[in-house]
Ligand SMILES: [Zn+2]
């Protein structure tokens, strides 16, 4: 069967649990993913869970071929900043992580944020719901399927992948906290479920790429 469609796996916030548990799983399947990591979030914690330092993510990305995406310095709402703060939150990650992709923290963006982000980045991922066209209509406003505890099941995720294949579209899957044990967090997924989904998509004739690889 001919290869059709693209899947990108994006993991937001850089949780230590994702570093410890998801990196080995991706290595097992030989998948390159995208990790959106804030440079220095307050107390190195997001949603009550510890974050692995951006330098650790950079080293892992080099080792395994993953893409690091900017996610601001402080996991800031980019729509709520002064012009100088906005520039700072955009510019430092682009330089320190040497990345051309941004994932807007909390998905928060507007025309002003996008105009400023274009000074440093060539692609931006939102949390707007849907499959992307290939090539995308607006590369600074990439759509995604943002998985939560409520909307994720292995079957649903597999159906999204099949849709991307059949319609020759780009499915960007967004995950946040992933762990072996069930978490009370809204944006959490079980490692075993992710494993089952990866097992399925790696059996499909569909490309699995990072954002920059897909563009
Ligand atoms: Zn985030």
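Numbering (the working numbering), first residue to last: 387 to 601.
We put the CB at the ideal spot given by N, CA and C, even for glycine.
{"query": "Out of curiosity, what's the CA-to-CA distance linking residue 473 and residue 567?", "result": "38 Å"}
{"query": "Rounding to the nearest angstrom, what Cα-Cα distance links residue 482 and residue 516 in this structure?", "result": "31 Å"}
{"query": "Ends of the beta strand (DSSP E) at residue 518?", "result": "Taken as a continuous stretch (DSSP letters only), residue 518 belongs to no beta strand (DSSP E), as it is neither H nor E."}
{"query": "Just list the residues that DSSP pairs residue 393 with in beta bridges.", "result": "557 and 594"}
{"query": "Would you list the residues whose beta-carbon is nearer than 5 Å to any heavy atom of ligand 1, in the order they occur in the chain?", "result": "398, 399 and 491"}
{"query": "Do the segment 575-583 and the segment 486-497 make contact, defined as three or more Cβ pairs closer than 8 Å?", "result": "no"}
{"query": "How far does the alpha helix (DSSP H) with residue 455 in it reach, from first residue to last?", "result": "Here residue 455 belongs to no alpha helix (DSSP H); instead the beta strand (DSSP E) covers 453-456."}
{"query": "Give the C-beta separation of residue 601 and residue 499 to the nearest angstrom, bearing in mind that I take them to be a contact with Cβ-Cβ under 8 Å.", "result": "Going by Cβ atoms, the distance from residue 601 to residue 499 rounds to 20 Å, so no, they are not a contact pair."}
{"query": "Assuming contact is defined by CB atoms lying nearer than 8 Å, are residue 391 and residue 555 in contact in what I supplied?", "result": "yes"}
{"query": "Tell me residue 509's beta-bridge partners as DSSP assigns them.", "result": "487"}
{"query": "Short of 8 Å in beta carbon distance, which residues of its chain neighbour residue 577, apart from the five on each side in sequence? Order them along the chain.", "result": "407, 408, 411, 564, 565 and 566"}
{"query": "Just to confirm my understanding: we take residue 444, look at its own chain, exclude 5 residues before and 5 after, and list those with CB closer than 7 Å. What are they?", "result": "454 and 483"}
{"query": "By Cβ distance below 7 Å, which residues in the same chain neighbour residue 480 in space, the five residues on each side in sequence not counted?", "result": "456, 506 and 507"}
{"query": "Just how far apart, CA to CA, sit residue 439 and residue 405?", "result": "10 Å"}
{"query": "Excluding sequence positions up to five away, which residues of its chain have a Cβ less than 8 Å from the Cβ of residue 590?", "result": "547, 548 and 551"}
{"query": "Among all the DSSP beta bridges, which residues are the ones paired with residue 422?", "result": "398 and 455"}
{"query": "Would you call residue 346 buried or exposed, if buried means 16 or more other Cβ atoms sit within 10 Å of its Cβ?", "result": "Shown here, the chain extends from 387 to 601; a query on residue 346 therefore has no answer."}
{"query": "Taking the beta strand (DSSP E) that residue 564 falls in, what are its first and last residues?", "result": "563-565"}
{"query": "Using three-state DSSP, classify residue 587 as helix, strand or coil.", "result": "helix"}
{"query": "Would you list the one or two residues that DSSP bridges to residue 435?", "result": "432"}
{"query": "Round the Cβ separation of residue 427 and residue 460 to the nearest angstrom and send it over; I've been treating them as touching at under 8 Å.", "result": "6 Å"}
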